[in-house]
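Below: the structure, in structure tokens.
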Amino acid sequence: MRWLMLGMLLVMPFEKNPYLKISDNFMGVIPDFTVIKCLGLLGLALVFWQIITGQVRLGLFESPPGRTYITFLLLTAFAAVMTGAAMRGITRFMSLALFLPIMLVGLRNLVDFRRLLFLLPGVLILCLPYAYRQYLRYGGRLGVGLYEANYFALALILLIPLAFIIAKQQERLWWRYAWFGGVIAMLASVVMTGSRGGFVGGLICLLALSIRMAQQRVFFPMLALAGLLASVVIFPTVLGERLLASGIGASGSEVADAHGVAASNEAHTELFYAGLRMIQDKPIFGVGLGRFKDESLNYYPTLVKARIAHNTYLHIGAESGLIALGCFVLFLILVLQSLNRSAQYALALHEPRIYEWVIGLQCGLCGWFVSAFFVSAQYEKFFWAVIFMTIVLERLLTDAYWTRVESMSSPRPPGAGAWPTWHPA
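Here it is, written out as structure tokens:
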């Protein structure tokens with residue numbers, strides 16, 4: 001199971017590659033049937049088999065985030081049924097849900113979790129040379145020919161803090177240099193994507209990481225934050241030109257015309273009002289899952305062409321209603337609370353490395369939550385992989401803590417001086 005899960009993550013950045021597409025649909029239910037979806041179905045079948053034979057416990061409802069996520073799925077599906085939405089929108093959310101049971105079964109201990117944790121940023125770093133090759137081949141913004149540029153930027157900012165934590169923890173010097181080189185490449189890639197929403201989220205995640213690491217007198221995140229700002233201000237990058245085009249002034253207007261940013265800004269504003277009108281018109285069940293793009297012209301006729309919302313929260317609220325949106329926001333809050341509990345368990349278990357992993361996950365998610373105001377990213381697999389990892393991590397640490405409590409007369413109080421170095425078996 002763990003190797004199947006790792007295989008899914010390895011092909012995740014290349015999912016849109018036409019060579020990994022198996023068919024247009026699977027049995028008329030799952031659209032755009034790709035290799036990763038095939039692996040997901042195989043993994044789900046193995047999960048059901050292990051549950052039926054009593055080999056594992058799933059425990060979907062054991063944590064508040066898990067219960068809230070299931071509630072969100074049910075609310076979304078119910079709203080889709082009530083609005084007569086197409087099956088395509090429903091199956092997209094349900095296919096993402098395959099990750100959770102596979103992770104709950106596949107990640108049985110902290111060693112498995114560590115492998116997955118290292119693989120997530122590692123696979124993004126390894127695919128960067130191919131992304132650069134596609135960038136040189138097609139031009140435009142980094143991500144073209146591999147991924148959509150804005151979504152690629154969101155995946156990068158989500159995992160940059162975690163990659164930094166991994167680099168910081170490396171004991172071998174050459175491994176540390178390799179990981180830090182990967183972090184620098186990821187930061188440069190965010191600039192090359194030209195994503196304004198990704199840039200804002202990157203600033204937030206680096207700022208959060210700088211504050212957390214300053215307590216340990218680690219100042220690399222501050223330097224990275226300053227470098228990210230300087231690269232946009234000093235060097236002639238696509239991102240800098242797009243940010244300038246978003247400003248006010250004659251020079252900004254000229255650049256906007258050159259890059260088509262003025263039209264993009266106008267479309268984003270119109271889409272925002274279109275989404276608000278959808279929510280005002282149908283606040284309970286929304287206009288239907290997967291229908292925002294088609295309905296945008298009806299609710300804002302001055303739009304040049306139909307578009308998605310470019311705002312994750314507005315998109316969910318418009319398509320599935322305010323109840324589903326409230327459940328989604330509550331779910332995100334509970335995920336952050338779950339990470340706080342995981343940090344407390346890591347302290348109680350005297351595991352400083354796991355505690356730092358939690359910091360990396362928290363900072364990356366904070367950046368993603370901000371960027372989600374500028375991009376409709378509710379279907380992004382890297383995001384859901386990280387979210388589900390937080391649910392699994394709390395369960396693993398809870399089991400480890402109570403196992404230690406049962407084996408000791410009284411657990412040691414947490415203290416920085418008592419922390420041992422954690423070496424996975």
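Note that UniProt numbering has the sequence shown beginning at 1, numbered continuously upward. Here a beta-carbon is modelled for each residue, glycine too, at the ideal position from N, C-alpha and C.
Original post:
Can you name the start and end residues of the beta strand (DSSP E) that residue 23 belongs to?
Top reply: It spans 21-26 - the beta strand (DSSP E) in which residue 23 sits, taken as one unbroken run.
- Could you tell me how far apart the beta carbons of residue 202 and residue 190 are, in whole angstroms, since I believe they sit closer than 8 Å? About 5 Å separates the CB atoms of residue 202 and residue 190; that is less than 8 Å, so the two are in contact.
Open item on the list: Per the DSSP calculation, residue 166 is bridged to which residue(s)?
Closed with: Note: residue 166 sits in no beta bridge, so no partner.
Taking 8 Å as the cut-off, does the stretch 352-367 touch the stretch 205-214 (at least 3 CB pairs, one atom from each stretch)? Taking a cut-off of 8 Å for Cβ pairs, the stretch 205-214 and the stretch 352-367 touch, as three or more such pairs fall below it.
Cβ shell of residue 324 (< 7 Å), same chain only, five flanking positions each side left out: 72, 75, 76, 79, 316
(request) Indicate whether residue 65 and residue 359 have their beta-carbon atoms separated by less than 8 Å. (result) no
- Query: In the DSSP assignment, what are the bridge partners of residue 33?
  - Reply: According to DSSP, residue 33 bridges with 23.
* Is the beta carbon of residue 83 sitting closer than 8 Å to the one on residue 327? -> no
With residue 176 as the anchor, note down where its alpha helix (DSSP H) starts and where it stops.
173-193 is the span of the alpha helix (DSSP H), which, as asked, contains residue 176.
Checklist entry - Taking the alpha helix (DSSP H) that residue 356 falls in, what are its first and last residues? => result 352-371
Can you check whether the CB of residue 104 is closer than 8 Å to the CB of residue 58?
yes
Nearest by alpha-carbon distance to residue 95: which of 288, 385, 228, 346 is it? 385
Which stretch, first to last residue, makes up the alpha helix (DSSP H) that contains residue 479?
The structure shown has nothing for residue 479, since the chain only spans 1 to 425.
- Task: Give the C-beta separation of residue 278 and residue 295 to the nearest angstrom, bearing in mind that I take them to be a contact with Cβ-Cβ under 8 Å.
- Result: 6 Å
Report task. Compute the distance between the beta-carbons of residue 223 and residue 232, then report whether it is under 8 Å. Result -> no
Practice task
Give the DSSP-derived three-state secondary structure of residue 136 in the structure shown.
Solution key: helix
In or out: residue 213 buried (at least 16 other Cβ within 10 Å) or exposed?
-> buried
Thinking C-alpha only, which one of 35, 292, 176 is nearest residue 22?
-> 35
Neighbourhood of residue 169 by C-beta distance below 6 Å, restricted to the same chain and skipping five residues each side: 353
- request: Taking residue 125 as the reference, give the member of 151, 159, 107 with the closest Cα.
  value: 159
Exercise for the section: Would you kindly work out how many angstroms separate the C-alpha atoms of residue 287 and residue 234, rounded to a whole number? Expected result: 45 Å
Nearest-angstrom Cα separation, counted from residue 157 out to residue 198: 7 Å
Item to complete: Throw me the rounded Cβ distance for the residue 106 and residue 192 pair, which I believe falls under 8 Å.
Response: Rounded, the Cβ-Cβ distance is 34 Å, inconsistent with contact.
task: Alpha carbon to alpha carbon, how far is residue 46 from residue 53? Give it in angstroms, no decimals.
output: 11 Å
TODO: Alpha carbon to alpha carbon, how far is residue 99 from residue 322? Give it in angstroms, no decimals.
DONE: 25 Å
Checklist entry - Is the stretch 176-183 close to the stretch 393-408, with three or more CB pairs under 8 Å? => result no
Which stretch, first to last residue, makes up the alpha helix (DSSP H) that contains residue 209?
For residue 209, the enclosing alpha helix (DSSP H) stretches over residues 196-214.
ask   = Below 8 Å between beta carbons: does that hold for residue 356 and residue 165?
value = yes
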